[in-house]
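Colleague:
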Amino acid sequence: MELSPENPRPAEPEIETSHVEEFVEQLSCVTSTLPSRINIDAQSVEQGLAKLVLTLIEFIRRLLEKQAVRRMEGGDLSPEQIEELGLALMRLEAKLQELKTQFGLADEDLNLDLGPIGRLI
Amino acid sequence: MKVYIYCLTEGTDALPNSLRGIAGAAVRWIDTGCFSSVVSDFAGEAVLVNRENALAHAAVVQSVFKQTTPLPFRFGTLVTEPKLNSYLTARRETLQRKLEQVRGCVEMSVKIVWNRNWTDESLHKDVQEKPGTAFLHEKRRQLMGSEARAAEARRIAVWLEDKTGEMVREKRIDTNPTEKLLLAAAYLVERGAVEQYRVRLKEAREEKPELHFLVSGPWPPYSFANIDLEFKSQFGVS
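Sequence order for the protein chains is A and B.
With my numbering, the residue at position 37 of the first sequence is 37, and numbering never jumps.
With my numbering, the residue at position 212 of the second sequence is 1212, and numbering never jumps.
This is how it looks when you write it as structure tokens:
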């Protein structure tokens, strides 16, 4: 397409913010969730697989937490049941934290880019 | 040998002779009827994700973007020429529609951070609670905070659209992409309307000093191309 008044050369790109450090930090978080290529060596495959499995567990864990909170709000749980459910979810969170540490994964690593429909978590 | 593909356009405009792509390879056109693909030869099986390669990819797309609005491929797309031709033939109508959609436009990016505590501290917090119950109450507070944050992000997206919507052909809005980032949006704006868009956005920003903005562009329409995903799902290549 020829350049024309309707299709002018675009202005030079500009990046404008008064809060540079804040955005550098946030963009680093976004970058870390981008899908990366998996190198086919034993250690990378193991970590890639751990990341995938732990992401799915984290997704289910969060769903369980939401469900538990909804049930608590709904008033259909006794104080004992709330305590028991809370303890179970607390242990699950601690266990997942332990596994993340073991595989060298951070919180922001546990996510999946599902393309046009967004991220899993 | 595979080719590294940068972007797709409707015509073959001149590329600067000095233009080099990934691994310093010369950039050339492949003309396939309705489309022209901007490619360079690549000897390996995968492209390293590093600063040098990312900048080389961006420089080629940017160079084409100065003449026309291309459909950029995702960084790292490698394919053989027969597979590329087959893909372009099979997806001709869809790709034509996508090119039509971005024709004469640029992508403007807006990201917003709002440093506010979204958890309601006034909600129930009893120090006498047993640990499991306290854990669930804390989760409830966090959940309500994140719902409030999501609702605010949606309101801000509508407010922004109200301010600049008439200049925007298409938009992609991602609310709450990270813990602090409230909104990350990409807008498709006609090339001739970029300055007006910037002015309107500046006025809007002044209305809400509590929001921290990162505004950038014009960029090639990376957020509106989405051809990498189709390419992989159809041919299972990268």
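Even for Gly, the Cβ is constructed at its ideal location relative to N, Cα and C.
For A/PRO35, I'd like the list of residues in its chain whose CB is within less than 7 Å of its CB, leaving aside the five on either flank, ordered along the chain.
Modeller: Position 35 of the first sequence, counting from 1, holds the residue named residue 35 of chain A. Low confidence applies here, because A/PRO35 scores a pLDDT of 49, under 50, leaving its location unreliable; read the following figure in that light. Within the same chain, A/PRO35 has close Cβ partners ASP113.
Colleague: Anything in chain B within Cβ reach of A/GLN97, meaning under 8 Å, just list it in chain order.
Modeller: Indexing the first sequence from 1 puts residue 97 of chain A at position 97. Within 8 Å Cβ-Cβ: nothing; A/GLN97 doesn't reach chain B, min ~14 Å.
Colleague: Looking at B/GLU1107: is its Cβ nearer than 7 Å to the Cβ of B/GLY1192?
Modeller: What you label residue 1107 of chain B is simply residue 107 of the second sequence in a count that begins at 1. What you label residue 1192 of chain B is simply residue 192 of the second sequence in a count that begins at 1. Cβ distance not < 7 Å, so B/GLU1107 and B/GLY1192 don't count as in contact.
Colleague: Which runs of the alpha helix (DSSP H), 4 residues or longer, sit entirely within the region 48–107 of chain A?
Modeller: For the region 48–107 of chain A, whole alpha helix (DSSP H) runs of length 4 or above, ordered along the chain, are 79–102.
Colleague: Taking only beta carbons into account, state which residues of the region 1197–1229 of chain B come closer than 7 Å to chain A, listed in chain order.
Modeller: Within the region 1197–1229 of chain B, the qualifying residues are HIS1212, PHE1213, LEU1214, VAL1215, SER1216, GLY1217, PRO1218, TRP1219, ASN1226, LEU1229.
Colleague: List the endpoints of the continuous beta strand (DSSP E) containing B/TRP1219.
Modeller: To locate residue 1219 of chain B, count along the second sequence from 1; it is residue 219. Looking at the DSSP string, the run of the beta strand (DSSP E) that includes B/TRP1219 is 1212–1219.
Colleague: Return no unless some Cβ of chain B is closer than 7 Å to the Cβ of A/VAL24.
Modeller: Along the first sequence, read from residue 1 onward, the residue named residue 24 of chain A stands at position 24. No, its Cβ sits nowhere closer than 7 Å to a Cβ of chain B.
Colleague: So that I know if they touch, is there some Cβ in chain A lying closer than 7 Å to that of B/VAL1113?
Modeller: Numbered from its first residue, the second sequence carries residue 1113 of chain B at position 113. Output row for B/VAL1113: interface = yes.
Colleague: Is the Cβ of A/ILE60 closer than 7 Å to any Cβ of chain B?
Modeller: In the first sequence, residue 60 of chain A corresponds to position 60, counting from 1. Closer than 7 Å: no.
Colleague: Given a threshold of 16 other Cβ atoms within 10 Å of its Cβ, counted over all protein chains shown, does B/GLU1207 qualify as buried or as exposed?
Modeller: For this step, residue 1207 of chain B is matched to residue 207 along the second sequence. With fewer than 16 Cβ atoms within 10 Å of its Cβ, B/GLU1207 is classed as exposed.
Colleague: Just to confirm before moving on: does the CB-CB distance between B/GLY1145 and B/THR1119 stay below 7 Å?
Modeller: Here residue 1145 of chain B refers to the residue found at position 145 of the second sequence. Here residue 1119 of chain B refers to the residue found at position 119 of the second sequence. Yes. Within cutoff.
Colleague: My output table needs one value for B/ARG1074: the three-state DSSP class, helix, strand or coil.
Modeller: Indexing the second sequence from 1 puts residue 1074 of chain B at position 74. In the structure shown, B/ARG1074 sits in coil (DSSP, three-state: anything other than H, G, I, E or B).
Colleague: Does DSSP classify B/ALA1058 as helix, strand or coil?
Modeller: As a position in the second sequence, residue 1058 of chain B is number 58, starting the count at 1. The answer is helix: DSSP assigns B/ALA1058 an H, G or I state.
Colleague: If we cut at 7 Å on Cβ distances, does A/THR17 have a partner in chain B?
Modeller: Stepping through the first sequence from its first residue, residue 17 of chain A is reached at position 17. Yes, A/THR17 lies at the interface with chain B (some Cβ there is under 7 Å from its Cβ).
Colleague: Residues in the region 1128–1161 of chain B with C-beta within 7 Å of chain A's C-beta atoms, listed in sequence order?
Modeller: Within the region 1128–1161 of chain B, the residues whose Cβ lies closer than 7 Å to some Cβ of chain A are LYS1130, PRO1131, GLY1132, THR1133, PHE1135, LEU1136, LYS1139, ARG1140, LEU1143, listed in chain order.
Colleague: Could you say if the region 1094–1107 of chain B and the region 1018–1032 of chain B meet the contact criterion of at least three C-beta pairs nearer than 8 Å?
Modeller: Output reads no: the region 1018–1032 of chain B does not touch the region 1094–1107 of chain B.
Colleague: Nearest to B/THR1143 by alpha carbon, out of A/ARG91, A/MET72, A/VAL45?
Modeller: Taking the second sequence and counting its residues from 1, one reaches residue 1143 of chain B at position 143. In the sequence as presented, Thr is not what sits at residue 1143 of chain B; that position holds Leu. Residue A/MET72 is the option with its Cα nearest to B/LEU1143.
Colleague: What residue range does the alpha helix (DSSP H) around A/LEU110 cover?
Modeller: Along the first sequence, one-based indexing puts residue 110 of chain A at 110. That residue, A/LEU110, is in no alpha helix (DSSP H); it is neither H nor E in DSSP.
Colleague: From the DSSP secondary-structure annotation, give me the bridge partner or partners of B/ASP1162.
Modeller: In the second sequence, residue 1162 of chain B corresponds to position 162, counting from 1. Answer is none; B/ASP1162 lacks a bridge partner.
Colleague: Using beta carbons (cut-off 7 Å, strictly below), is A/GLY86 in contact with chain B?
Modeller: Start at 1 with the first residue of the first sequence, and residue 86 of chain A comes out as number 86. Yes, A/GLY86 counts as interfacial toward chain B.
Colleague: According to DSSP, is B/SER1037 part of a helix, a strand, or is it coil?
Modeller: If you number the second sequence from 1, residue 1037 of chain B lands on position 37. Residue state, collapsed to three classes: strand.
Colleague: Is the beta carbon of B/LYS1002 less than 7 Å from the beta carbon of B/THR1089?
Modeller: Residue 1002 of chain B sits at position 2 when you count from the first residue of the second sequence. Residue 1089 of chain B sits at position 89 when you count from the first residue of the second sequence. Taking 7 Å as the Cβ cut-off, B/LYS1002 and B/THR1089 do not qualify as a contacting pair.
Colleague: Chain B beta carbons: is any one of them nearer than 7 Å to that of A/ILE121?
Modeller: Along the first sequence, read from residue 1 onward, the residue named residue 121 of chain A stands at position 121. Answer no: the Cβ-Cβ gap between A/ILE121 and chain B never drops below 7 Å.
Colleague: Taking A/VAL69 as the query, report the chain B residues whose CB atoms sit under 7 Å from its CB, ordered along the chain.
Modeller: Here residue 69 of chain A is taken as the residue at index 69 of the first sequence, counted from 1. What A/VAL69 touches in chain B: LEU1136, LYS1139, ARG1140, LEU1143.
Colleague: In chain order, what residues of the same chain have a beta carbon less than 7 Å from the beta carbon of A/GLN102, not counting five sequence neighbours either side?
Modeller: As a working note, residue 102 of chain A is residue 102 in the first sequence. Within the same chain, A/GLN102 has no close Cβ partners at all.
Colleague: Is it true that the CB of A/LEU49 sits closer than 7 Å to the CB of A/LEU99?
Modeller: In the first sequence, the residue the question calls residue 99 of chain A occupies position 99. In the first sequence, the residue the question calls residue 49 of chain A occupies position 49. No, these two residues do not count as a Cβ contact at 7 Å.
Colleague: Using 7 Å as the limit for Cβ to Cβ distance, is A/ILE57 near chain B?
Modeller: Within the first sequence, numbered from 1, the residue matching residue 57 of chain A stands at position 57. No, because no Cβ of chain B sits closer than 7 Å to the Cβ of A/ILE57.
Colleague: Just to confirm, are B/LYS1171 and B/TYR1197 a CB contact at a threshold of 7 Å?
Modeller: Residue 1171 of chain B sits at position 171 when you count from the first residue of the second sequence. Residue 1197 of chain B sits at position 197 when you count from the first residue of the second sequence. Contact flag unset, no.
Colleague: Report the neighbours of B/THR1094 on chain A: residues whose CB is nearer than 8 Å to its CB, in chain order.
Modeller: By 1-based counting over the second sequence, the position of residue 1094 of chain B is 94. What B/THR1094 touches in chain A: nothing, since even the nearest Cβ is about 14 Å away.
Colleague: Buried or exposed for B/ILE1156, please, with buried defined as at least 16 other CB atoms from any protein chain shown within 10 angstroms of its CB.
Modeller: Locating residue 1156 of chain B in the second sequence gives position 156, where the first residue counts as 1. Label assigned to B/ILE1156: buried.
Colleague: Comparing alpha-carbon positions, which option in B/GLY1044, B/GLU1045, B/ALA1059 lies nearest B/ARG1051?
Modeller: Residue 1051 of chain B sits at position 51 when you count from the first residue of the second sequence. Cα-wise, what sits closest to B/ARG1051 is B/ALA1059.
Colleague: What's the C-alpha gap between A/ALA68 and A/ILE57?
Modeller: For the purposes of this step, residue 68 of chain A is identified with residue 68 of the first sequence, where counting begins at 1. For the purposes of this step, residue 57 of chain A is identified with residue 57 of the first sequence, where counting begins at 1. Distance between the alpha carbons of A/ALA68 and A/ILE57 is about 16 Å.
Colleague: For A/LEU105, which residues in chain B fall below 9 Å Cβ to Cβ?
Modeller: Locating residue 105 of chain A in the first sequence gives position 105, counting from the first residue. Neighbours of A/LEU105 on chain B: none; closest Cβ ~17 Å, over 9 Å.
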